[in-house]
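Below is one structure, written out as structure tokens; the observations come after it.
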Amino acid sequence: MDDVKRIAEAIVAREGGYVNDPDDPGGATNHGVTIHTLRAMGHDLTGDGTVDAADVRALSRGDAVRILIERHYTAPKLALLPEALRASVFDMHVNAGANAVRILQRMLRQMGHAVAVDGAIGPQTAAAAAAVAAHAPDLVADAYGIARRNYYYALGDARPASRKFARRRDGGKGGWIVRAEEFISTRYHLTEDEHRERTAAWG
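Here numbering that gives the first Met the number 0 is used: position 51 in the sequence shown is 50, and no number is missing along the way.
Structure representation (structure tokens):
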């Protein structure tokens, strides 16, 4: 659990403090914990009878770490995955919920494993992930990170309001892409030119 806590603390540091961007479907967020999560858990931190943005602001880093572990590691059963995948899938689950697992499942299907793309980690997904990790332990995390990066670009393709999270105003890599590449070996990072080419159609 110490390793999981360190991963969660790194996610909290990566997420930063309070934000409430109208283009972010997550809504008000603090340390990676969204208002939707606080409402689902009934955390009325201000004691005023409602869970709103004020409660998100009041969330401490320590409480955020505990919530992230509970909601995005323990509940989705990430411990069933090979160790090489846990940090990236955990980080992505904080960012995208069950889509983090769906990305993994689609990747496993592309590798020839018959798993359902249902966003839930069960015996089939766990066994397929273990098989891939055993066959290519040095590459499985890169493969997932690349699939994750592709997911972010696809979101930008489909939703113009999300593009600012994948591409900076100057055209460079936005937070989503930088975040995905933290879990990808440097040799598989896109160059700035490749990134700009990938996002050129966004205008």
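Glycine included, C-beta positions come from ideal geometry on N, C-alpha and C.
Bear in mind the structure is a predicted one, so any value in this text is a computation, not a measurement.
Take residue i and list the residues in its own chain whose beta-carbon comes closer than 7 Å to its own, dropping the five residues that flank it on each side.
{"i": "ALA99", "result": "VAL88, MET91 and HIS92"}
{"i": "THR36", "result": "ILE66 and ARG70"}
{"i": "ASP47", "result": "none"}
Give me, in chain order, the residues of the same chain whose beta-carbon lies closer than 8 Å to that of residue i; leave out the 5 immediate sequence neighbours on both sides.
{"i": "ALA146", "result": "ILE102, LEU103, ARG105 and MET106"}
{"i": "VAL116", "result": "ARG101, GLN104, ARG105 and ARG108"}
Round the Cβ separation of residue i and residue j to the nearest angstrom and send it over; I've been treating them as touching at under 8 Å.
{"i": "ILE66", "j": "VAL3", "result": "Not confirmed; about 13 Å, so no contact."}
{"i": "GLY31", "j": "GLU14", "result": "4 Å"}
{"i": "ILE183", "j": "ASP141", "result": "5 Å"}
{"i": "ALA63", "j": "VAL11", "result": "5 Å"}
{"i": "PRO75", "j": "ILE34", "result": "Contact flag wrong, Cβ pair sits at about 20 Å."}
{"i": "LEU216", "j": "ASP51", "result": "The structure shown does not extend to residue 216, since the chain is modelled only from 0 through 202, so no value can be given for it."}
{"i": "LEU80", "j": "ALA125", "result": "7 Å"}
Quick check on this structure: which residue in the options has the alpha carbon closest to the alpha carbon of residue i?
{"i": "LEU58", "options": "GLY96, PRO75, GLY16 and ILE10", "result": "GLY16"}
{"i": "GLY220", "options": "VAL139, THR185 and TYR152", "result": "Outside the displayed span of the chain (0 to 202) sits residue 220, for which this structure offers no information."}
{"i": "ALA9", "options": "ARG178, GLU196 and GLU193", "result": "ARG178"}
{"i": "PRO159", "options": "LEU80, ASN94 and GLY202", "result": "GLY202"}
{"i": "TYR150", "options": "LEU77, LEU80, ARG197 and PRO81", "result": "ARG197"}
{"i": "HIS112", "options": "GLY96, TYR72, ARG195 and ALA130", "result": "ALA130"}
{"i": "ALA7", "options": "LEU77, PRO81, GLY171 and ALA133", "result": "LEU77"}
{"i": "ARG56", "options": "PHE164, THR28, GLU193 and TYR143", "result": "THR28"}
{"i": "TYR143", "options": "ALA157, ALA128 and GLY171", "result": "ALA128"}
{"i": "PHE164", "options": "MET40, ALA39 and ASN94", "result": "ASN94"}
{"i": "ARG148", "options": "GLY118, HIS194 and MET110", "result": "HIS194"}
Would residue i be called buried (16 or more neighbouring beta carbons within 10 Å of its own) or exposed?
{"i": "SER220", "result": "Any property of residue 220 remains undetermined from this structure, which presents the chain solely from 0 to 202."}
{"i": "HIS188", "result": "buried"}
{"i": "ARG166", "result": "buried"}
{"i": "VAL18", "result": "exposed"}
{"i": "GLY61", "result": "exposed"}
{"i": "TRP175", "result": "buried"}
{"i": "ASP169", "result": "exposed"}
{"i": "GLU191", "result": "exposed"}
{"i": "ARG217", "result": "Here the chain has residues from 0 to 202 only, and residue 217 is not among them."}
{"i": "ALA200", "result": "exposed"}
{"i": "HIS134", "result": "exposed"}
Quick one: residues in its chain with C-beta nearer than 6 Å to the C-beta of residue i, no 5 flanking neighbours on either side, listed in chain order?
{"i": "GLN123", "result": "VAL114"}
{"i": "GLU180", "result": "HIS188"}
{"i": "ASP22", "result": "ALA160"}
{"i": "ALA204", "result": "The chain is shown only over 0 to 202; residue 204 falls outside these bounds and no answer can be derived."}
Answer yes or no: does any C-beta atom of chain C fall closer than 8 Å to that of residue i?
{"i": "VAL3", "result": "Among the protein chains of the structure shown there is no chain C, as only one such chain exists."}
Practice task
Please specify which runs of the alpha helix (DSSP H), each continuous and at least 4 residues long, are wholly inside the region 21–70, giving them in chain order.
Solution key: 34–40, 52–57 and 60–68
Exercise for the section: Scan the region 157–181 and note each continuous alpha helix (DSSP H) run of 4 residues or more that stays entirely inside, going in chain order. Expected result: 162–165 and 174–180
Exercise for the section: Tell me the start and end of each unbroken alpha helix (DSSP H) in the region 108–164 that is at least 4 residues and wholly inside, in chain order. Expected result: 122–134 and 139–157
Exercise for the section: Pick out the complete alpha helix (DSSP H) segments inside the region 71–105, 4 residues or longer, and give them in chain order. Expected result: 82–95
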